[in-house]
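Colleague: So that we are looking at the same thing, I have put the structure below in structure tokens.
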Amino acid sequence: MFNQRIKVKQLLSGTATGTEVVVMGWVRTFRNNQFIALNDGSTNANIQIVASLGEFDEAILKRITTGASLKVNGTVVESLGKGQSVEVKASKIEILGDSDAEKFPLQPKKHSLEFLREKAHLRFRTNTFGSVFRIRHSLAFAVHQFYNDRGFVYLHTPIITSSDAEGAGEMFRVTTLPLEGAPKNEKGEIDYTQDFFGKGTNLTVSGQLEGELGAMAFSEIYTFGPTFRAENSNTTRHLAEFWMIEPEMAFHDIEDNMNLAEEFIKYLINYVLKNNADDIDFLDARLAEEEKQLPTEKRSGFGLKEKLEIVLSNNFERITYTEAIDILLNSPHYKKKKFQYEVKWGIDLQSEHERYLVEQHFKKPVIVTGYPAAIKAFYMRMNDGCEPGRETVAAMDILAPGIGEIVGGSQREERLDKLEARMKAMHIPLEDMSYYLDTRRFGTVPHAGFGLGFERMILFVTGMTNIRDVIPFARTPKNCEY
RNA sequence: UCCUCCUUAGCUCAGUUGGUUAGAGCACAUCACUGUUAAUGAUGGGGUCCUCCGUUCAAGUCGGAGAGGGGGAGCCA
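Residue numbers (my numbering): 1 to 482.
As structure tokens, this is what we get:
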């Protein structure tokens, strides 16, 4: 058995001096031909290995370079140096894997995130990405814990789908037909009846519709999986492949939906503050350092930890779309004509409008409800008693400082006649969606749900600003490395 | 897809009104030192100045096109 080692995190959290240990990890730096900073990914902290002068072959010491992997036998001792309380005095050092220091791209110095993005396979070995991806793991775990504790069933919705009615953007086609010389039908179109599934199929853009089918039996379900959008979006907030959490709840109205979403977000933040305190502290310090480089007017004014604690201790502001428009119209910003896009009832809120509401006006997360029906999806429930010409739906978006839309959800239209009318008006073929309409035909109930962009949540919690830095291997237009 | 900025050593960057042999720190090599904390000191090697085309006696520097990247916008999570 090889793995009889102690992890660095455990070793640093109070191993008695005098204990004989085996540690394994990768060299971060080798100082003074004596002191090895060894890291195994369990924490950003390194264990200092002391290779006392004269006790090791010159040939071995030569091979202890940044990036090399080591197995070290030694004794835990109180450190004589100042930077750490304990260290391991090595009795035996074995090189598991050499690392040519001239070619290894990571140096004991600050690298740009852009550079590390190109070295995505090695960036896990840096402090920043170590923290980010340990937090990503924790958040994923917390998602399951949150819903499991509340009796939700984790439903695996399909990744390959023949449904394209969601309309949430361009889809990636899934096919085994040859690109050249694909079979054609009489109309000269590609004949998908000869394709693998006998019809056209795509990668899913959302598990929501299937999620609704599950909620109509289990009462409460959630999905948590990858989704795919072939939109040519080149921003710090979009990926072609991203992960989404979509709970769907029977017997819930829009208010229940908001309550759950707010509770969920706070739960995730709280979980990470408790379980990843070191990583949050590191990212907090890193962000503070970055802020110092910025001109005063561009600084956010408070730290990462502070921001998360403010979110935890305040209720999310809840306003209607109509109120949001009024706030914008009465804002000094509007009166000074600083908005690039027109503000009037009926528009979709632009990024600049959302940012103003969240970052200038309320300075905390905001839930906007009751959007105009004309700009929202077919499955959202029509609000009753609307002014003619101002029909709204029971939609809700949660807007977060620095991120924008982090959650999008709605109460679903459970009334068959209204749903069918809406689908017809939006030219959605009812026959293709018969399975979906069955939930309204047989024991329909009020229900609601939302989607939380997992990577956007990670951005918020880590204070990172580019979504490509919070997913291990980012897929974006013109970029699919690894 | 649109707007905008950027691309100089392995990395982070400097490079004057266009002018001879393009610099610094880190990294790397050699030596010295040895309880260091991104160790330190000395010496040394290291360049398709993103690519192509053009202007000019002369282009890292000016112009055009292209590629890659950053930021913003649209779309959205």
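C-beta atoms are modelled at their ideal positions from N, C-alpha and C, and glycine is treated no differently.
To the nearest angstrom, how far is the alpha carbon of F224 from that of M244?
Modeller: By 1-based counting over the first sequence, the position of residue 224 is 224. By 1-based counting over the first sequence, the position of residue 244 is 244. Cα to Cα, the separation comes out at about 6 Å.
Colleague: In the segment 339-424, which residue ranges form an unbroken alpha helix (DSSP H) of at least 4 residues, counting only runs that do not cross its ends?
Modeller: The segment 339-424 contains these whole alpha helix (DSSP H) runs: 351-355.
Colleague: Per DSSP, R318 is paired with what?
Modeller: For the purposes of this step, residue 318 is taken as the residue at position 318 of the first sequence. DSSP lists I367 as partners of R318.
Colleague: In angstroms with no decimal places, state the Cα-to-Cα distance between T201 and I159.
Modeller: Against the first sequence, residue 201 aligns to sequence position 201. Against the first sequence, residue 159 aligns to sequence position 159. For T201 and I159, the distance between alpha carbons rounds to 10 Å.
Colleague: Suppose the cutoff is 6 Å on Cβ atoms and the five residues either side in sequence are ignored; what does the same chain contact list for Q208 look like?
Modeller: Position 208 of the first sequence, counted from the first residue, corresponds to residue 208. For Q208, where only same-chain residues beyond five positions count, the Cβ hits under 6 Å are E246.
Colleague: Since G389 and G451 are thought to touch, with beta carbons under 8 Å apart, how far apart are those beta carbons, to the nearest angstrom?
Modeller: On the first sequence, residue 389 is found 389 positions in, with the first residue counted as 1. On the first sequence, residue 451 is found 451 positions in, with the first residue counted as 1. Incorrect: roughly 29 Å between the Cβ atoms, too far for contact.
Colleague: What does K92 pair with, by DSSP beta-bridge criteria?
Modeller: Working through the first sequence from its first residue, we reach residue 92 at position 92. The partner list for K92 (beta bridge, DSSP) reads N73.
Colleague: Tell me the rounded alpha-carbon separation between A394 and I221.
Modeller: Along the first sequence, one-based indexing puts residue 394 at 394. Along the first sequence, one-based indexing puts residue 221 at 221. If you take the alpha carbons of A394 and I221, they lie about 20 Å apart.
Colleague: Rounded to whole angstroms, what is the Cα-Cα separation between A374 and A120?
Modeller: Counting from one through the first sequence, the residue named residue 374 turns up at place 374. Counting from one through the first sequence, the residue named residue 120 turns up at place 120. Taking the straight line joining both Cα atoms gives about 42 Å.
Colleague: Rounded to whole angstroms, what is the Cα-Cα separation between F228 and N275?
Modeller: Stepping through the first sequence from its first residue, residue 228 is reached at position 228. Stepping through the first sequence from its first residue, residue 275 is reached at position 275. So the alpha carbons of these two residues sit roughly 30 Å apart.
Colleague: Rounded to a whole number of angstroms, what is the C-alpha to C-alpha distance between L308 and L273?
Modeller: On the first sequence, position 308 is the one that residue 308 refers to. On the first sequence, position 273 is the one that residue 273 refers to. The straight-line gap from Cα to Cα measures roughly 8 Å.
Colleague: Measure the beta-carbon distance from A101 to T65 and round it to whole angstroms, keeping in mind my assumption that it falls under 8 Å.
Modeller: Against the first sequence, residue 101 aligns to sequence position 101. Against the first sequence, residue 65 aligns to sequence position 65. Indeed they touch by this definition, with Cβ atoms about 4 Å apart.
Colleague: Is the beta carbon of I47 closer than 8 Å to that of V22?
Modeller: Locating residue 22 in the first sequence gives position 22, counting from the first residue. Locating residue 47 in the first sequence gives position 47, counting from the first residue. Against a cut-off of 8 Å, the Cβ pair of I47 and V22 comes out as no contact.
Colleague: With a cut-off of 8 Å, do at least 3 Cβ pairs link the segment 400-420 to the segment 173-190?
Modeller: The segment 400-420, when compared against the segment 173-190, does not touch it at the 8 Å Cβ threshold.
Colleague: Can you tell me where the alpha helix (DSSP H) holding Q10 begins and where it ends?
Modeller: On the first sequence, position 10 is the one that residue 10 refers to. Unbroken alpha helix (DSSP H) run through Q10: V8 to L12.
Colleague: Suppose the cutoff is 6 Å on Cβ atoms and the five residues either side in sequence are ignored; what does the same chain contact list for P105 look like?
Modeller: As a working mapping, residue 105 is identified with position 105 in the first sequence. Hits under 6 Å: K119.
Colleague: Helix or strand or just coil, what does DSSP make of N257?
Modeller: Reading the first sequence from its first residue, position 257 is the one you call residue 257. Helix, per DSSP.
Colleague: Between R125, A142 and E212, which lies nearest to T157 when the distance is taken from Cα to Cα?
Modeller: Translated into the one-based positions of the first sequence, residue 157 becomes position 157. Checked all of R125, A142 and E212; the closest Cα to T157 is E212.
Colleague: Do you know how far the Cα of N127 is from the Cα of V86?
Modeller: Within the first sequence, numbered from 1, the residue matching residue 86 stands at position 86. Within the first sequence, numbered from 1, the residue matching residue 127 stands at position 127. Those two C-alpha atoms are separated by around 20 Å.
Colleague: Whole angstroms is fine: what's the gap from P446's alpha carbon to I467's?
Modeller: Locating residue 446 in the first sequence gives position 446, where the first residue counts as 1. Locating residue 467 in the first sequence gives position 467, where the first residue counts as 1. So the two alpha carbons sit approximately 35 Å from each other.
Colleague: With distances taken Cα to Cα, identify the nearest neighbour of D384 among I398, Y356, R355 and R415.
Modeller: Start at 1 with the first residue of the first sequence, and residue 384 comes out as number 384. With distances taken between Cα atoms, D384 lies closest to R415.
Colleague: According to DSSP, is A448 part of a helix, a strand, or is it coil?
Modeller: Residue numbering aside, residue 448 sits at position 448 when the first sequence is read from its first letter. Residue state, collapsed to three classes: strand.
Colleague: Kindly indicate which three-state DSSP category N270 falls into: helix, strand or coil?
Modeller: Along the first sequence, read from residue 1 onward, the residue named residue 270 stands at position 270. Helix.
Colleague: Please list, in chain order, all residues of the same chain as M24 whose beta carbon is under 6 Å from its beta carbon, the five residues on each side excluded.
Modeller: Residue mapping note: residue 24 aligns to position 24 of the first sequence, counting from 1. Around M24: R5 and K71.
Colleague: In chain order, what residues of the same chain lie with their CB nearer than 7 Å to the CB of S163, ignoring the 5 residues before and after it?
Modeller: Your numbering for residue 163 matches position 163 in the first sequence. Result list for S163: L209, in chain order.
Colleague: By the DSSP assignment, the beta strand (DSSP E) with A140 in it spans what residues?
Modeller: Working through the first sequence from its first residue, we reach residue 140 at position 140. Element bounds for A140: not the beta strand (DSSP E) but the alpha helix (DSSP H), N127 to D149.
Colleague: Does the distance from the C-beta atom of S131 to that of D279 stay below 8 Å?
Modeller: For the purposes of this step, residue 131 is identified with residue 131 of the first sequence, where counting begins at 1. For the purposes of this step, residue 279 is identified with residue 279 of the first sequence, where counting begins at 1. Against a cut-off of 8 Å, the Cβ pair of D279 and S131 comes out as a contact.
Colleague: For G51 versus I93, is the C-beta spacing smaller than 8 Å?
Modeller: On the first sequence, residue 51 is found 51 positions in, with the first residue counted as 1. On the first sequence, residue 93 is found 93 positions in, with the first residue counted as 1. This sequence places Ala at residue 51; Gly is not what is there. Yes, Cβ-Cβ distance for A51 and I93 is below 8 Å.
Colleague: Using the Cα positions of E481 and R475, report the straight-line distance between them to the nearest angstrom.
Modeller: Sequence index remark: in the first sequence, residue 481 carries index 481 (1-based). Sequence index remark: in the first sequence, residue 475 carries index 475 (1-based). The straight-line gap from Cα to Cα measures roughly 8 Å.
Colleague: Kindly confirm or deny that the segment 257-270 and the segment 186-205 touch, where touching means at least three C-beta pairs closer than 8 Å.
Modeller: Cβ pair count under 8 Å is below three, so no.
Colleague: Quick one, are the C-beta atoms of K364 and E317 less than 8 Å apart?
Modeller: As a first step, residue 364 is located in the first sequence; it is residue number 364 there, counting from the start. As a first step, residue 317 is located in the first sequence; it is residue number 317 there, counting from the start. Result yes, Cβ atoms of K364 and E317 sit closer than 8 Å.
Colleague: Using the C-alpha atoms, what's the distance from I135 back to A277?
Modeller: For the purposes of this step, residue 277 is taken as the residue at position 277 of the first sequence. For the purposes of this step, residue 135 is taken as the residue at position 135 of the first sequence. Computed Cα separation, rounded: 10 Å.
Colleague: Enumerate in chain order the residues of its own chain whose CB-to-CB distance from L328 is below 8 Å, with the five nearest sequence positions on each side excluded.
Modeller: Start at 1 with the first residue of the first sequence, and residue 328 comes out as number 328. Around L328: Y334, F339, V343, H353, Y356 and L357.
Colleague: With distances taken between CB atoms, is the gap from M382 to E420 smaller than 8 Å?
Modeller: Reading the first sequence from its first residue, position 382 is the one you call residue 382. Reading the first sequence from its first residue, position 420 is the one you call residue 420. No, they are not a contact pair.
Colleague: Compare the Cα-Cα distances from A90 to each of G370, M171, D281 and E20 and report the closest residue.
Modeller: Within the first sequence, residue 90 is the residue found at index 90, counting from 1. The shortest C-alpha separation from A90 is found at E20.
Colleague: Leaving aside the five residues before and after R456 along the sequence, list all residues of the same chain whose C-beta is less than 6 Å from its C-beta, in chain order.
Modeller: If you number the first sequence from 1, residue 456 lands on position 456. Same-chain partners within the cutoff: I403 and I406.
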